[in-house]
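J.: Here it is, the structure, as structure tokens.
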């Protein structure tokens, strides 16, 4: 009598994973609404603008992010506008908490422990308590949402590594294609996930096997990755190309040369290290001082620890001095290290913004066990070393939680003064403050132009500025009403920017208003400057 196949996950595993996901859903609801700079700038505005056809009506409302791919933001926006706020937040927290599933599967597959399920659960849970990972729970930065795609693709490679290495090439290509599809989707939804796609390719190679199997895996993974990227990114890139002449507008415009803006990269290159020793020591630098690699505060040495421990493990591996009793099996350790190392190196050269590698922060506990597990020492010594490392990481970690707003519906509200003639009104925005979320509260027929900010300034000489000056002047000439929205603390900049548009603020008629998220803003009528 044939025995029934063992389930992929037993009841205790299902219970553990479900409880973890429910915990994070509840945790995010307790935290409240995300009021981060990026959320107020574009994570709420971008899906609103796309779903309401405002690409040709508004200009630069969310600075550069006005032209970002909105597909990643649409699910949460629809949830938050069509259900209760706590439901939307709970769903976001559950998705972010679901990273525990692929992390658990990766650890369980490779750990060489007596009770590897318990150890895998502990490592997967530890991965979700990283300093910046905690900060990002319940926020729409989505780095710990994209990590779910990235880890799922990697988990497929790890769990199916025997079939990928020793099975028929056709089957290996199909499995690699599925994993590549999921990984490519991450990059299609958010371009900064690109380093993990390169890391995924490195993991495919590190699985070993014959040249024919490696070629089949790479082809399958490459085709799947390209399909995943194309699915979510190609339609938007084509739209941007037809609208602006640059499919990545405004980025890399020194190559695409869109006539709308300057021939400049428009990328945030503040953090990318340019000197060799700064590159080598970068994990120490950003672990000691978060300003080195991010605008979000945190302190966590786990990526730094993994970095140096893995380097030492690789040296031992090359010298053939590694332990004969590793804590992580070699068939899993090699693709795991290859994935993380290559992803990190590409990130270092391209972005060097820490939150873009929050996935490495999450997988760092597994990576640390993998590295220490290769050291030629007794199990007891390695266990003690891991306990000491875990203690030091725990007592030195610090999460700087962002301010949150209390629950309430509707999700976003702004007490904008009544508008007498919305059909004949245009709104201008000035300054660097994030105000995209306010634009969603205006009557839909009102065009919104940010005439001054990170993206454009009144004297930049760009075609975009010329068009906005023409539109604003024509609107006034036709008898329309022109209003300003600006941060209440930034009115001097507003006055100066509007002067370059030959406009003046009618100061006695200005009114202050606030929102349910953050900030106090000015609503001022404008007139042609004498």
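Numbering (the numbering used here), first residue to last: 1342 to 1871. Glycine included, every Cβ here is placed at the ideal spot set by N, Cα and C. Just so it is clear, the structure is predicted and the values come from calculations on it, not from any experiment.
Pull up the DSSP beta-bridge partners for residue 1856, would you.
T.: DSSP lists 1755 as partners of residue 1856.
J.: Leaving aside the five residues before and after residue 1445 along the sequence, list all residues of the same chain whose C-beta is less than 7 Å from its C-beta, in chain order.
T.: Correct list, in chain order: 1358, 1461, 1462, 1465.
J.: DSSP three-state label for residue 1362, please.
T.: Three-state result, residue 1362: helix.
J.: Unbroken alpha helix (DSSP H) runs of length 4 or more, entirely within the stretch 1753-1805: which are they?
T.: Listed in chain order, they are 1777-1780.
J.: Cβ of residue 1370 within 8 Å of Cβ of residue 1777?
T.: The answer is no: Cβ separation not under 8 Å.
J.: Where does residue 1842 fall in DSSP's three states?
T.: Residue 1842: coil per DSSP, three-state reduction.
J.: Could you pull out every unbroken beta strand (DSSP E) segment of at least 3 residues lying fully inside the stretch 1535-1567, listed in chain order?
T.: For the stretch 1535-1567, not a single whole beta strand (DSSP E) run of length 3 or above is found.
J.: Expressed to the nearest angstrom, what Euclidean distance is found between the alpha-carbon atoms of residue 1844 and residue 1416?
T.: When rounded, the distance between both Cα atoms is 39 Å.
J.: Could you please give me the residues that DSSP links to residue 1868 through a beta bridge?
T.: Partner(s): 1845.
J.: In chain order, what residues of the same chain lie with their CB nearer than 7 Å to the CB of residue 1832, ignoring the 5 residues before and after it?
T.: Excluding positions up to five away in sequence, the list reads 1863.
J.: Taking C-beta to C-beta, are residue 1787 and residue 1856 nearer than 8 Å?
T.: Taking 8 Å as the Cβ cut-off, residue 1787 and residue 1856 do not qualify as a contacting pair.
J.: Go through its chain and collect everything with a Cβ distance to residue 1413's Cβ below 7 Å, but skip five positions before and after it.
T.: Correct list, in chain order: 1483, 1530, 1531.
J.: Report back the beta-carbon spacing between residue 1521 and residue 1704 to the nearest angstrom; my notes put them in contact at under 8 Å.
T.: At roughly 19 Å, the Cβ-Cβ gap does not stay under 8 Å, so residue 1521 and residue 1704 are not in contact.
J.: Smallest Cα separation from residue 1455: which of 1853, 1807, 1666?
T.: Comparing Cα positions, the closest option is 1666.
J.: Taking the continuous alpha helix (DSSP H) assigned at residue 1401, which residues delimit it?
T.: Here residue 1401 belongs to no alpha helix (DSSP H), and DSSP marks it neither H nor E.
J.: Run through the stretch 1458-1487 for me and flag every whole alpha helix (DSSP H) of 4 or more residues, listed as ranges in chain order.
T.: Whole alpha helix (DSSP H) segments, 4+ residues: 1472-1477.
J.: Could you check the C-alpha separation between residue 1431 and residue 1366 for me, to the nearest Å?
T.: Taking the straight line joining both Cα atoms gives about 4 Å.
J.: So, does the CB of residue 1450 fall closer than 8 Å to a CB anywhere in chain C?
T.: Among the chains of the structure shown, chain C does not appear; only one protein chain is present.
J.: With C-beta atoms as the reference, is residue 1524 less than 8 Å away from residue 1501?
T.: It is not a contact, given that the beta carbons lie outside the stated cut-off.
J.: With distances taken from CA atoms, which of 1635, 1542, 1702 is nearest residue 1676?
T.: If we check each option's Cα against that of residue 1676, 1542 comes out closest.
J.: If I follow the unbroken beta strand (DSSP E) through residue 1824, where does it start and stop?
T.: Where residue 1824 is concerned, the enclosing beta strand (DSSP E) stretches over 1822-1828.
J.: Looking at C-alpha atoms only, which residue of 1631, 1645, 1693, 1858 is the closest neighbour of residue 1879?
T.: A question about residue 1879 goes unanswered here, because the residues of the chain that appear run from 1342 up to 1871.
J.: Which residues bound the alpha helix (DSSP H) around residue 1649?
T.: Looking at the DSSP string, the run of the alpha helix (DSSP H) that includes residue 1649 is 1643-1659.
J.: Determine the direct distance from the alpha carbon of residue 1427 to that of residue 1813, and round the result to whole angstroms.
T.: Approximately 40 Å, taken between the alpha carbons.
J.: Whole angstroms are fine: how far does the CA of residue 1580 sit from the CA of residue 1423?
T.: Each residue's Cα considered, the two are about 27 Å apart.
J.: Does the stretch 1794-1811 come close enough to the stretch 1383-1403 to have 3 or more Cβ pairs within less than 8 Å?
T.: Enough Cβ pairs lie closer than 8 Å, so yes.
J.: With which residues is residue 1746 paired in a DSSP beta bridge?
T.: Residue 1746 pairs with 1374.
J.: For residue 1660, is the classification buried or exposed, using 16 other Cβ atoms within 10 angstroms of its Cβ as the cut-off for buried?
T.: That one is exposed.
J.: Got a sec? Which residues, its chain only, sit under 7 Å from residue 1648 by beta carbon, not counting five neighbours each side?
T.: Excluding positions up to five away in sequence, the list reads 1624.
J.: Taking the C-alpha atoms as reference points, what is the distance between residue 1345 and residue 1587?
T.: The predicted position of residue 1345 is uncertain, since its pLDDT is 49 and thus under 50; a value taken from the coordinates is nonetheless stated next. About 57 Å.
J.: Restricting to Cα atoms, I'd like to know which of 1751, 1495, 1678, 1404 is closest to residue 1792.
T.: For residue 1792, the nearest C-alpha among the options comes from 1404.
J.: Would you kindly work out how many angstroms separate the C-alpha atoms of residue 1728 and residue 1640, rounded to a whole number?
T.: Going from the Cα of residue 1728 to the Cα of residue 1640 covers about 20 Å.
J.: Around the C-beta of residue 1596, are 16 or more other C-beta atoms found within 10 angstroms, so that it is buried, or is it exposed?
T.: Exposed is the call here.
J.: Please confirm whether any heavy atom of the ligand SAH lies closer than 7 Å to the CB of residue 1871.
T.: Annotation note on the ligand SAH: not contained in the displayed structure, which lists no ligands.
J.: By how many angstroms is the C-alpha of residue 1508 removed from the C-alpha of residue 1551?
T.: Rounded to whole angstroms, residue 1551 to residue 1508 spans 10 Å at the Cα level.
J.: Taking the alpha helix (DSSP H) that residue 1434 falls in, what are its first and last residues?
T.: Looking at the DSSP string, the run of the alpha helix (DSSP H) that includes residue 1434 is 1426-1438.
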